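Everything on this sheet refers to the single structure shown next.
There are 2 protein chains.
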Amino acid sequence: MSVRTEELCRRLPYWELLTEKEKKLVSENSYLRRFTSGELVHGGGRDCLGQVTVISGELRNYLLSDEGKEVTLFMLRRGEPCVLSSSCILSQLTFDTQISATEDTELLIVSLGVFQRISEENTDMKLYTYELALERFSQVMETMQRILFLSFDRRLAAFLVDEYERTGSPELRMTHEQIAARISSAREVVARMLKRFSAEGLVESERGMIRLTDIEGLRSLL
Amino acid sequence: MSVRTEELCRRLPYWELLTEKEKKLVSENSYLRRFTSGELVHGGGRDCLGQVTVISGELRNYLLSDEGKEVTLFMLRRGEPCVLSSSCILSQLTFDTQISATEDTELLIVSLGVFQRISEENTDMKLYTYELALERFSQVMETMQRILFLSFDRRLAAFLVDEYERTGSPELRMTHEQIAARISSAREVVARMLKRFSAEGLVESERGMIRLTDIEGLRSLL
Numbered sequence: 004m005s006v007r008t009e010e011l012c013r014r015l016p017y018w019e020l021l022t023e024k025e026k027k028l029v030s031e032n033s034y035l036r037r038f039t040s041g042e043l044v045h046g047g048g049r050d051c052l053g054q055v056t057v058i059s060g061e062l063r064n065y066l067l068s069d070e071g072k073e074v075t076l077f078m079l080r081r082g083e084p085c086v087l088s089s090s091c092i093l094s095q096l097t098f099d100t101q102i103s104a105t106e107d108t109e110l111l112i113v114s115l116g117v118f119q120r121i122s123e124e125n126t127d128m129k130l131y132t133y134e135l136a137l138e139r140f141s142q143v144m145e146t147m148q149r150i151l152f153l154s155f156d157r158r159l160a161a162f163l164v165d166e167y168e169r170t171g172s173p174e175l176r177m178t179h180e181q182i183a184a185r186i187s188s189a190r191e192v193v194a195r196m197l198k199r200f201s202a203e204g205l206v207e208s209e210r211g212m213i214r215l216t217d218i219e220g221l222r223s224l225l
Numbered sequence: 004m005s006v007r008t009e010e011l012c013r014r015l016p017y018w019e020l021l022t023e024k025e026k027k028l029v030s031e032n033s034y035l036r037r038f039t040s041g042e043l044v045h046g047g048g049r050d051c052l053g054q055v056t057v058i059s060g061e062l063r064n065y066l067l068s069d070e071g072k073e074v075t076l077f078m079l080r081r082g083e084p085c086v087l088s089s090s091c092i093l094s095q096l097t098f099d100t101q102i103s104a105t106e107d108t109e110l111l112i113v114s115l116g117v118f119q120r121i122s123e124e125n126t127d128m129k130l131y132t133y134e135l136a137l138e139r140f141s142q143v144m145e146t147m148q149r150i151l152f153l154s155f156d157r158r159l160a161a162f163l164v165d166e167y168e169r170t171g172s173p174e175l176r177m178t179h180e181q182i183a184a185r186i187s188s189a190r191e192v193v194a195r196m197l198k199r200f201s202a203e204g205l206v207e208s209e210r211g212m213i214r215l216t217d218i219e220g221l222r223s224l225l
C-alpha cells in the first residue's frame, strides 16, 4: 500500500460514510491501475474490477450491440466514481455496459469483495451506491432522449454547447471520429454537419480541433 | 376510508416494511381512482399523484418528445407499484416520463406527502424505493437496446414471444396500432412485418388479434 494510494483513498467521494474499520479495509484493498487510451476497462467478458474511481483521464461508458454498434451512455472524469461497471456491484442491474479509456487514464480500484461487503453492512454506503446509480439512470435517459428524439444537427449542437460549458473553452480538441463516438454517430455524418455549421459561421474546423465561433447561434439550434 | 381500500393497502408490496404507525398513516392517506382506456395518469404538466400501484388494468410508461413522438419504456400491471411517476418521489431522477392507462384501470394511490415522509424516515422503505427504481432502470435499458440495436423483424418477434411467455396464450388480442405503440413503431410498419411473418407461417392475423402459429420459428429470429 503506497502513501499515494492511501491519500487517494481518503479523497474517495464516499470516504466519510465509512467507519474507521471500513476505512482501513478500503485502504488495504485498493490499488492504482493505468489504462492506455482506447483500452477496455470493463466488459467483453472480463472479470469485474471492483469499484472504480477516476484519478486522471477519462472513461467512456457505452452499450455494444452484437453487430458492434456502440451507443455512448456517459463519460466519467477525474474524481468521479463508477457503479455501472456493476451488474457485479448492484444485483438489480441486469444489463451490462462496456467501459473504455478515451485517453491515458489512472483508476483507483477498491476490490469488489470489500466494496460489496461494505455496501451490505453499511446502510449509508448502500444508499450512496443506489443514489449514484440513479443519477446515472438520469444521465442515460438524457442521452437516450437525445438519440431518439433530436435531429442530428441539434444533437451535435447540444454536444458542442455541453462541452463548452463543461470545459469553459470554445476550443474542442477532438477529432471527428472522437465526436462521432461520443454522440453515437459516424465520422462522415459528423464531418458533413460540421461543414454545414462552418458554412453558417457557427464553428471553425481544423485538424483535430473545433473552435466554436458562435455559441449563441449553436444554442439557438437547441 | 373504505374497507376495500384498507384491504388493498395491506396487499401493497412494501406493506410489511412499514411500522404500525406508518401502516395507519398509509391506510388513512390512500384512495382508489379509476382511469379510462387512453387516459393520462402522469405527465403533461399534471401534479404528481403520489405512489401508484395497479389494482386492475394496465399502465404504459413512455417518453414523449416535443414533436409528439413516443417511446414506450415499460408496462405496469396488476399488483405492480410505480416509482417512476417520480421525479416527484426520487430527487435523483431528473427526467420525466408520461404514464397512461392502456385499458380501464384502477389505481391505489398513496398520497405523495405521506409516501415521501415515510421514505425519508424509514430506511427500509427508502432502500425499497431505490431498488424498485433500479429494476426499472434495467427494464428501460433492455427496451432501449432493442430499439437501438435490433432490426425491426427481431424487435417485433421479441415482443410477440415476450407476450406469449407472459400470458401463456398464443393469441394476442391487440390491434396493429396497439402493438406499434408498445414497440415504438408505426402502425403501417407493424402491419407490413406481420404480413411477412404471416407469409412465413409464423403468425395468423385477424382483426384485433394475432395468433402465434410457430413460436419456435419466432424464437429463432431472436
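Chain order of the listed sequences is F and B.
The numbering of the first sequence is the working numbering, which starts it at 4 and goes up by one.
The numbering of the second sequence is the working numbering, which starts it at 4 and goes up by one.
Note that the Cβ used here is the ideal one computed from N, Cα and C, for glycine as well.
None of these values were measured; they are calculated from a predicted model.
Distance, residue j Cα to residue i Cα
i	j	result
Leu153 of chain F	Ser122 of chain B	36 angstroms
Lys24 of chain B	Thr126 of chain B	15 angstroms
Glu109 of chain B	Arg63 of chain B	13 angstroms
Val44 of chain B	Leu135 of chain B	19 angstroms
Met78 of chain B	Gly71 of chain B	19 angstroms
Val6 of chain B	Leu115 of chain B	21 angstroms
Gln119 of chain F	Thr97 of chain F	16 angstroms
Val57 of chain B	Trp18 of chain B	15 angstroms
Ile182 of chain F	Glu61 of chain F	14 angstroms
Val29 of chain B	Lys27 of chain F	42 angstroms
Glu124 of chain F	Val117 of chain F	11 angstroms
Glu203 of chain F	Ile218 of chain F	12 angstroms
Leu137 of chain B	Val86 of chain B	10 angstroms
Pro84 of chain F	Leu197 of chain F	33 angstroms
Arg13 of chain B	Val113 of chain B	12 angstroms
Ile150 of chain F	Ser187 of chain F	8 angstroms
Lys129 of chain B	Leu225 of chain F	36 angstroms
Gly171 of chain F	Leu205 of chain F	17 angstroms
Ala189 of chain B	Leu163 of chain B	16 angstroms
Thr216 of chain B	Glu168 of chain B	14 angstroms
Leu111 of chain F	Gln148 of chain B	30 angstroms
Bridge partner(s) assigned by DSSP for residue i
i	result
Phe77 of chain F	F:Asn64
Gln54 of chain F	F:Val113
Val44 of chain B	Val44 of chain B pairs with nothing; no bridge assigned.
Thr3 of chain F	This structure leaves residue 3 of chain F out entirely; chain F is present only between 4 and 225.
Ser33 of chain B	B:Val113
Cys85 of chain F	F:Val55
Leu159 of chain F	For Leu159 of chain F, which the question treats as bridged, DSSP gives no partner whatsoever.
Ile213 of chain F	F:Leu175, F:Ser208
Ile102 of chain B	B:His45, B:Asn64
Proximal residues of chain F, C-beta to C-beta of residue i below 9 angstroms
i	result
Leu66 of chain B	Met144, Met147, Gln148, Leu151, Phe152
Listed by chain order, chain B residues near residue i by CB distance under 7 angstroms
i	result
Lys129 of chain F	Leu130
7 angstroms Cβ cut-off: residues of chain F touching residue i
i	result
Ser141 of chain B	Gln95, Leu96, Thr97, Phe98
Chain B residues whose Cβ lies nearer than 9 angstroms to that of residue i
i	result
Lys72 of chain F	Leu151, Phe152
Contacts that residue i makes with chain B (C-beta to C-beta distance below 8 angstroms)
i	result
Leu137 of chain F	Leu93, Gln95, Leu96, Tyr133, Ala136, Leu137, Phe140
Thr126 of chain F	Thr126, Leu130
Measuring CB atoms only, is the segment 30-47 of chain B touching the segment 89-107 of chain B, in the sense that at least three cross pairs come out at less than 8 angstroms? Three or more beta-carbon pairs drawn from the segment 30-47 of chain B and the segment 89-107 of chain B are found closer than 8 angstroms, and the two stretches are therefore classed as touching.
Inspect the CB distances between the segment 155-163 of chain F and the segment 185-193 of chain F and report whether three or more fall short of 8 angstroms. A contact exists between the segment 155-163 of chain F and the segment 185-193 of chain F.
Counting Cβ pairs, one atom from each stretch, are 3 or more of them under 8 angstroms apart for the segment 172-180 of chain B and the segment 137-144 of chain B? In short, these stretches do not touch, since the Cβ pair count stays below three.
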